[in-house]
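Reviewing the structure listed below.
2 protein chains.
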Amino acid sequence: MTLETSTLVQVGEFELIRDCFAPLHTPAAPGVVIGIGDDAAVLAVPRTQQLLATVDALVEGIHFSPDADPFLVGQKALRVNLSDIAAMGGQPSWYLLSLGLPGNTPTAWLTGLVQGLRVAGEAFGVHIAGGNTTGSPAGRSIHVSMFGLVSQDRALTRKGALAGDRILVSGTIGDAALGLASRQGRWTVEDPADRAFLEARLDLPEPRVALGVAVSDAAAVHAMIDVSDGLVADLGHLCQASGVGARIDAARIPLSDAAQRQLVKDPTLLSTLLTGGEDYELIVTAAEGALDMLLTVARQTGVPLTEIGEITATPELEVVSNGQPLVLEHKGWRHF
Amino acid sequence: MTLETSTLVQVGEFELIRDCFAPLHTPAAPGVVIGIGDDAAVLAVPRTQQLLATVDALVEGIHFSPDADPFLVGQKALRVNLSDIAAMGGQPSWYLLSLGLPGNTPTAWLTGLVQGLRVAGEAFGVHIAGGNTTGSPAGRSIHVSMFGLVSQDRALTRKGALAGDRILVSGTIGDAALGLASRQGRWTVEDPADRAFLEARLDLPEPRVALGVAVSDAAAVHAMIDVSDGLVADLGHLCQASGVGARIDAARIPLSDAAQRQLVKDPTLLSTLLTGGEDYELIVTAAEGALDMLLTVARQTGVPLTEIGEITATPELEVVSNGQPLVLEHKGWRHF
Chain A
28 MTLETSTLVQ VGEFELIRDC FAPLHTPAAP GVVIGIGDDA AVLAVPRTQQ
78 LLATVDALVE GIHFSPDADP FLVGQKALRV NLSDIAAMGG QPSWYLLSLG
128 LPGNTPTAWL TGLVQGLRVA GEAFGVHIAG GNTTGSPAGR SIHVSMFGLV
178 SQDRALTRKG ALAGDRILVS GTIGDAALGL ASRQGRWTVE DPADRAFLEA
228 RLDLPEPRVA LGVAVSDAAA VHAMIDVSDG LVADLGHLCQ ASGVGARIDA
278 ARIPLSDAAQ RQLVKDPTLL STLLTGGEDY ELIVTAAEGA LDMLLTVARQ
328 TGVPLTEIGE ITATPELEVV SNGQPLVLEH KGWRHF
Chain B
28 MTLETSTLVQ VGEFELIRDC FAPLHTPAAP GVVIGIGDDA AVLAVPRTQQ
78 LLATVDALVE GIHFSPDADP FLVGQKALRV NLSDIAAMGG QPSWYLLSLG
128 LPGNTPTAWL TGLVQGLRVA GEAFGVHIAG GNTTGSPAGR SIHVSMFGLV
178 SQDRALTRKG ALAGDRILVS GTIGDAALGL ASRQGRWTVE DPADRAFLEA
228 RLDLPEPRVA LGVAVSDAAA VHAMIDVSDG LVADLGHLCQ ASGVGARIDA
278 ARIPLSDAAQ RQLVKDPTLL STLLTGGEDY ELIVTAAEGA LDMLLTVARQ
328 TGVPLTEIGE ITATPELEVV SNGQPLVLEH KGWRHF
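The listed protein sequences correspond, in order, to chains A and B.
Numbered per the working numbering, the first sequence spans residues 28 to 363.
Numbered per the working numbering, the second sequence spans residues 28 to 363.
Here it is, written out as structure tokens:
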């Protein structure tokens with residue numbers, strides 16, 4: 028039986044693990060004392076470091092369609108988790124993979140997924156430490172637990188934002204929301220290059236690992252979060268955890284050229300950009316005096332940081348557009 | 028809206044996390060520097076310790092039925108993972124929870140699951156460090172990543188078994204397989220007490236944490252694994268990892284009184300007992316000179332260890348019954 032023409036139910040679990048997952052094995056992964064193949068992995072955490080741990084899942088029919096390219100699904104499964112490590116200022120290290128796969132899954136699909144995991148893992152220097160594959164009555168799901176390392180007491184949390192802090196955001200906002208609208212046929216992007224760019228921002232988010240590490244080293248940075256549920260929702264989470272509010276200026280929110288061109292066609296898209304999920308950019312709050320240094324750090328990592336507003340004492344989140352409060356229809360991604 | 032009469036799609040994610048998962052929050056969990064509620068957990072691994080990490084999942088329609096008691100499902104989701112930490116000789120510490128739940132899941136179901144997680148967590152001293160809940164197009168799934176701590180270079184792996192080692196197994200074997208056969212109507216257990224016992228062994232496996240820790244402290248113990256896929260299959264995994272073989276005596280395999288009574292009714296059940304999954308007992312191999320000490324350790328932890336055979340140089344697994352080789356129809360659990 029060849030891998031190309033078989034399904035998982037034909038291959039059987041033990042052979043499957045050996046053959047399909049082999050590309051993920053790296054003989055000498057840093058800190059992996061014992062990796063895949065025993066009851067549990069044994070991992071060495073350097074004594075100056077604390078462990079970061081997070082889990083996220085991609086589910087067929089919710090996060091990706093049955094005909095999605097498994098290579099991109101595999102990459103995204105790692106990248107969304109890498110973003111959570113980045114948002115704590117940590118260096119990603121290892122991950123655990125838990126798959127739920129119907130028996131009729133083509134092994135070619137699994138092989139594609141593994142290639143995506145391998146490529147994203149290599150790009151960000153993370154290594155698989157263990158995994159589990161189980162059947163599924165319907166739909167494929169990929170659950171990834173991601174680990175990172177951060178110096179003792181240096182993790183940057185959502186708490187700690189102070190009234191008067193400047194709010195900065197990395198990269199550009201709203202591209203993934205437009206990419207999703209385009210993919211689902213709810214919005215037409217005429218320019219094929221713009222369409223490809225926006226959909227790539229949805230499919231291949233760029234976790235801001237280097238920026239997160241650099242920012243966590245900086246003094247006067249008070250809080251950080253990544254934008255997964257949407258700029259407004261995640262800024263809201265940060266404010267809630269810190270017991271503060273925020274005022275941001277819609278006109279200052281960094282948009283890609285492709286997003287700008289869509290907004291020109293329909294200015295009401297602004298709400299979609301501000302509340303759409305999956306940007307995987309970082310929101311940082313810092314004392315005003317730290318701004319210059321932060322912008323320098325951002326230039327060094329090659330990822331722009333843009334100031335978009337300020338933290339307020341009143342626990343409200345206000346978005347101002349042309350001097351007027353902007354009313355948003357809904358504030359973020361809901362999972363059900 | 029009250030929790031009792033609502034479904035997840037009505038409650039919405041953020042309220043759900045706050046209300047349903049609240050019982051899992053423990054204010055001062057050891058080593059949890061930052062727990063649920065940020066982008067990632069921050070965990071402190073003592074500098075004399077290594078981190079153990081494993082992941083396993085329970086999927087509706089594969090591992091539990093739609094009408095299964097969520098309290099038991101929650102307990103089992105932790106217990107099967109605790110067994111993997113036990114099998115390395117580690118002390119369980121923290122876990123990450125990743126749920127895939129259809130929007131029509133009653134919140135009462137989730138509340139029951141959380142109660143099961145809470146009770147099992149308290150029983151074994153493990154604390155939730157983070158989690159994620161996502162929608163699911165069909166079927167509920169519970170993915171648990173479990174962490175443990177073990178002294179530097181003291182983890183007991185599947186490798187290291189040596190020809191001449193004695194093979195010991197904890198507790199009793201085959202109860203869960205009979206419980207499953209009873210639950211599925213493939214085998215009738217007349218005595219209600221026996222039926223309840225056997226099905227409880229399926230629903231509430233007993234991870235041998237204290238025994239695993241005690242055994243890993245003992246000299247001359249060479250290899251350990253837990254029995255999840257069945258005695259024969261998992262002994263096979265241990266032998267394969269160690270590059271050895273094994274000969275076990277079917278007559279010496281420890282059976283519960285309830286299992287003994289079923290075997291009297293139908294001696295052909297022996298194969299089911301030896302190859303059925305989900306015992307979550309430990310298989311230990313050790314030099315013959317260590318036997319007395321191991322049996323003493325076992326008595327101290329209150330879990331019997333029984334010698335069932337020996338490791339051989341030839342890489343074959345032989346089961347002997349009344350002096351004759353036993354031929355098994357199938358050797359273990361397949362996941363598809």
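Here a beta-carbon is modelled for each residue, glycine too, at the ideal position from N, C-alpha and C.
Any C-beta of chain B under 9 Å from that of A:L105 | The count along the first sequence starts at 1 and reaches residue 105 of chain A at position 78. Not one chain B Cβ lies under 9 Å of A:L105.
By how many angstroms is the C-alpha of A:A245 removed from the C-alpha of B:A314?
-> What you label residue 314 of chain B is simply residue 287 of the second sequence in a count that begins at 1. What you label residue 245 of chain A is simply residue 218 of the first sequence in a count that begins at 1. Within the model, the alpha-carbon separation for B:A314 versus A:A245 is close to 55 Å.
Taking Cβ positions, are A:V86 and B:P164 nearer each other than 9 Å?
-> By 1-based counting over the first sequence, the position of residue 86 of chain A is 59. By 1-based counting over the second sequence, the position of residue 164 of chain B is 137. Yes, these two residues count as a Cβ contact at 9 Å.
Chain B contact residues for A:H52, given Cβ-Cβ distances below 8 Å = As a first step, residue 52 of chain A is located in the first sequence; it is residue number 25 there, counting from the start. Listed along chain B, no residue sits closer than 8 Å to A:H52 by beta-carbon distance, the nearest being about 15 Å off.
How would you list, in chain order, the residues of chain B whose beta-carbon sits under 7 Å from the beta-carbon of A:A250?
-> Looking up residue 250 of chain A in the first sequence gives position 223. Per Cβ cutoff of 7 Å: no residues; A:A250 is ~10 Å from chain B at best.
Counting along the chain, where does the beta strand (DSSP E) carrying B:V196 start and finish?
-> Your numbering for residue 196 of chain B matches position 169 in the second sequence. 193-197 is the span of the beta strand (DSSP E), which, as asked, contains B:V196.
Taking C-beta to C-beta, are A:Q327 and A:V216 nearer than 9 Å?
-> Numbered from 1 along the first sequence, position 300 holds the residue referred to as residue 327 of chain A. Numbered from 1 along the first sequence, position 189 holds the residue referred to as residue 216 of chain A. Not closer than 9 Å, so no.
At least one CB of chain A closer than 9 Å to the CB of B:G88: is that the case?
-> Stepping through the second sequence from its first residue, residue 88 of chain B is reached at position 61. Contact with chain A is found for B:G88, since one of that chain's Cβ atoms lies less than 9 Å from the residue's Cβ.
If the cut is a Cβ gap below 7 Å, which residues of chain A does B:D244 touch?
-> Here residue 244 of chain B corresponds to residue number 217 of the second sequence, with the count starting at 1. Ordered by position in chain A, no residue passes the 7 Å Cβ test against B:D244, which lies about 16 Å from the chain.
Contact set for B:L301: own chain, Cβ-Cβ below 6 Å, skip 5 residues either direction | Mapped onto the second sequence, residue 301 of chain B falls at position 274. Shown here for B:L301: same chain residues with a beta carbon closer than 6 Å to its own, the five before and five after excluded, namely L258, V259 in chain order.
Pull out every residue of the stretch 113-130 of chain B whose Cβ sits closer than 9 Å to any Cβ of chain A, in chain order.
-> Listed by position along the chain: A113, A114, M115, G117, W121, L123, L124, S125, L126, G127, L128, P129, G130.
Looking at C-alpha atoms only, which residue of A:T160, A:I155, A:C47, A:E334 is the closest neighbour of A:T134?
-> The residue labelled residue 134 of chain A in the question sits at position 107 within the first sequence. Measuring from the Cα of A:T134, the nearest candidate turns out to be A:C47.
Could you please give me the residues that DSSP links to B:I338 through a beta bridge?
-> For the purposes of this step, residue 338 of chain B is taken as residue 311 along the second sequence, with counting starting at 1. B:I338 has B:A273 as its beta-bridge partners, per DSSP.
Does the Cβ of A:G316 have 16 or more other Cβ atoms within 10 Å, making it buried, or fewer, making it exposed?
-> Locating residue 316 of chain A in the first sequence gives position 289, where the first residue counts as 1. Residue burial is scored here from C-beta neighbours: A:G316 has fewer than 16 other C-beta atoms within 10 angstroms and is therefore classed as exposed.
Can you list, in chain order, the residues of its chain whose CB lies under 6 Å from that of B:A241, leaving out five sequence neighbours each side?
-> For the purposes of this step, residue 241 of chain B is taken as residue 214 along the second sequence, with counting starting at 1. Within the same chain, and ignoring the five residues on either side of B:A241 in sequence, the residues whose Cβ sits closer than 6 Å to its Cβ are V324, T328.
Looking only at DSSP bridge pairs, what is B:E87 linked to?
-> In the second sequence, counting from the first residue as 1, residue 87 of chain B sits at position 60. Answer is B:F91.
Alpha-carbon spacing of B:S120 relative to B:E149, whole angstroms = The residue labelled residue 120 of chain B in the question sits at position 93 within the second sequence. The residue labelled residue 149 of chain B in the question sits at position 122 within the second sequence. Looking at the two C-alpha atoms, the distance is approximately 11 Å.
Would A:G58 be called buried (16 or more neighbouring beta carbons within 10 Å of its own) or exposed?
-> Counted from its first residue, the first sequence places residue 58 of chain A at position 31. Buried, since its Cβ has 16 or more Cβ neighbours within 10 Å.
Spell out whether any CB of chain A is found under 9 Å from the CB atom of B:N349.
-> In the second sequence, counting from the first residue as 1, residue 349 of chain B sits at position 322. Contact of B:N349 with chain A is not assigned, every C-beta pair being separated by 9 Å or more.
Check the Cβ-Cβ distances between A:H170 and every residue of chain B, and say whether any is below 9 Å.
-> Taking the first residue of the first sequence as position 1, residue 170 of chain A is located at position 143. Yes, because at least one Cβ of chain B sits closer than 9 Å to the Cβ of A:H170.
Over the uninterrupted alpha helix (DSSP H) stretch that includes B:N108, give me the two end residues.
-> The residue labelled residue 108 of chain B in the question sits at position 81 within the second sequence. First-last of the alpha helix (DSSP H) with B:N108: 97-113.
Would you report the Cα separation of A:I335 and A:G152, rounded to the nearest angstrom?
-> Here residue 335 of chain A corresponds to residue number 308 of the first sequence, with the count starting at 1. Here residue 152 of chain A corresponds to residue number 125 of the first sequence, with the count starting at 1. Each residue's Cα considered, the two are about 32 Å apart.
Count the other CB atoms, across all protein chains shown, that sit within 10 Å of the CB of B:A54; report buried if there are 16 or more and exposed otherwise.
-> Against the second sequence, residue 54 of chain B aligns to sequence position 27. Reading off the sequence, residue 54 of chain B comes out as Pro, not Ala. Label assigned to B:P54: exposed.
Specify, as a first and last residue, the run of the alpha helix (DSSP H) that A:D284 falls within.
-> By 1-based counting over the first sequence, the position of residue 284 of chain A is 257. First-last of the alpha helix (DSSP H) with A:D284: 284-292.
Using 8 Å as the threshold, is the stretch 343-355 of chain A in touch with the stretch 268-279 of chain A, meaning 3 or more CB pairs across them?
-> Counting Cβ pairs under 8 Å, three or more are found: they touch.
Can you give the Cα-Cα distance for B:G139 and B:P352, rounded to whole angstroms?
-> Along the second sequence, one-based indexing puts residue 139 of chain B at 112. Along the second sequence, one-based indexing puts residue 352 of chain B at 325. Approximately 47 Å between the Cα atoms of the pair.
Which of helix, strand or coil does DSSP assign to A:F174?
-> The residue you call residue 174 of chain A lines up with position 147 of the first sequence. DSSP places A:F174 in strand when its eight states are reduced to three.
Starting from A:T138, trace the alpha helix (DSSP H) both ways and give me its first and last residue.
-> Here residue 138 of chain A refers to the residue found at position 111 of the first sequence. Unbroken alpha helix (DSSP H) run through A:T138: 134-151.
Using 8 Å as the threshold, is the stretch 111-119 of chain A in touch with the stretch 175-192 of chain A, meaning 3 or more CB pairs across them?
-> Result yes; three or more Cβ-Cβ pairs closer than 8 Å.
Cut-off 6 Å between Cβ atoms - residues of its own chain near B:Q37, not counting five sequence neighbours on either side | Indexing the second sequence from 1 puts residue 37 of chain B at position 10. Within the same chain, B:Q37 has no close Cβ partners at all.
Three-state secondary structure assigned by DSSP to A:L344 = Translated into the one-based positions of the first sequence, residue 344 of chain A becomes position 317. Correct three-state label for A:L344: strand.
Would you list, in chain order, the members of the stretch 57-84 of chain A that have their beta-carbon closer than 8 Å to a beta-carbon of chain B?
-> Taking 8 Å as the Cβ-Cβ cut-off, the stretch 57-84 of chain A approaches chain B at V60, I61, G64, D65, D66, A67, A68, V69, L70, A71, V72, R74, Q77, L78, L79, A80, T81, V82, D83, A84, given in chain order.
What are the residues that DSSP puts in a beta bridge with B:H154?
-> The count along the second sequence starts at 1 and reaches residue 154 of chain B at position 127. DSSP output for B:H154 lists B:W121 as bridge partner(s).
CB contact below 9 Å: A:S163 versus chain B = Start at 1 with the first residue of the first sequence, and residue 163 of chain A comes out as number 136. With 9 Å as the cut-off, A:S163 counts as an interface residue toward chain B.
A:R185 versus chain B: which residues are under 8 Å apart at the beta carbon?
-> Residue numbering aside, residue 185 of chain A sits at position 158 when the first sequence is read from its first letter. Around A:R185, the beta-carbon contacts reaching into chain B at under 8 Å are G64, D65, D66.
In terms of alpha-carbon separation, which member of B:W136, B:G88, B:L128, B:L332 lies closest to B:G239?
-> Stepping through the second sequence from its first residue, residue 239 of chain B is reached at position 212. If we check each option's Cα against that of B:G239, B:L332 comes out closest.
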